[in-house]
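Participant: FYI, the numbering for the sequence shown is -18 to -1, 1 to 64, going by mature numbering (1 follows the signal peptide of the UniProt record, and there is no 0).
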Amino acid sequence: MAFTLWTLFEATLLCLNAVCVLHEERFLVKMGWGAQQNIQGFGESPTIKSQMLNLVRSIRTVARFPLIFLNILTIIVKLVLG
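Shown next, in the form of structure tokens:
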């Protein structure tokens, strides 16, 4: 299997799907990444953990509908081209 732009696209799509599927209350709280663990005071610099949690939430919010379209497109291409 050759490394092409299509395989890079598929790998990126799978990673974004994995981030969007993570359930905050079931999985992330058990790992110590819940919303209640990242309470900061005013003027404190954000920690790496809180920045990553904000990134996960942002990806989940912004990429929901484009991911639906991209998943449908990928499934159609795989069905047509094999």
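Where is the CB? At the ideal position from N, CA and C, for every residue including glycine.
Residues in the same chain with beta-carbon distance under 8 Å from L49, minus the five sequence neighbours each way, listed in chain order, please.
Facilitator: For the purposes of this step, residue 49 is taken as the residue at position 67 of the sequence shown. Same-chain partners within the cutoff: L(-6), L(-3), N(-2), C2.
Participant: Please classify T(-7): does DSSP put it in a helix, a strand, or coil?
Facilitator: For the purposes of this step, residue -7 is identified with residue 12 of the sequence shown, where counting begins at 1. T(-7): helix per DSSP, three-state reduction.
Participant: Quick one: Cα of L52 to Cα of P28, how far?
Facilitator: Residue numbering aside, residue 52 sits at position 70 when the sequence shown is read from its first letter. Residue numbering aside, residue 28 sits at position 46 when the sequence shown is read from its first letter. Straight-line Cα distance between these residues: approximately 33 Å.
Participant: In angstroms with no decimal places, state the Cα-to-Cα distance between F47 and I54.
Facilitator: The residue labelled residue 47 in the question sits at position 65 within the sequence shown. The residue labelled residue 54 in the question sits at position 72 within the sequence shown. For F47 and I54, the distance between alpha carbons rounds to 11 Å.
Participant: Rounded to the nearest angstrom, how far is the Cβ of V44 from that of L4, given a contact under 8 Å?
Facilitator: Here residue 44 is taken as the residue at index 62 of the sequence shown, counted from 1. Here residue 4 is taken as the residue at index 22 of the sequence shown, counted from 1. In fact, because the Cβ distance is near 15 Å, the residues do not count as touching under 8 Å.
Participant: Between which two residues does the alpha helix (DSSP H) holding P48 run?
Facilitator: For this step, residue 48 is matched to residue 66 along the sequence shown. In this chain, the alpha helix (DSSP H) harbouring P48 covers 46 to 63.
Participant: Tell me which residues share the same chain as T56 and place their Cβ nearer than 7 Å to its Cβ, disregarding the 5 neighbours each side in the sequence.
Facilitator: Translated into positions along the sequence shown, residue 56 becomes position 74. Only E(-9), L(-6) meet the Cβ criterion.
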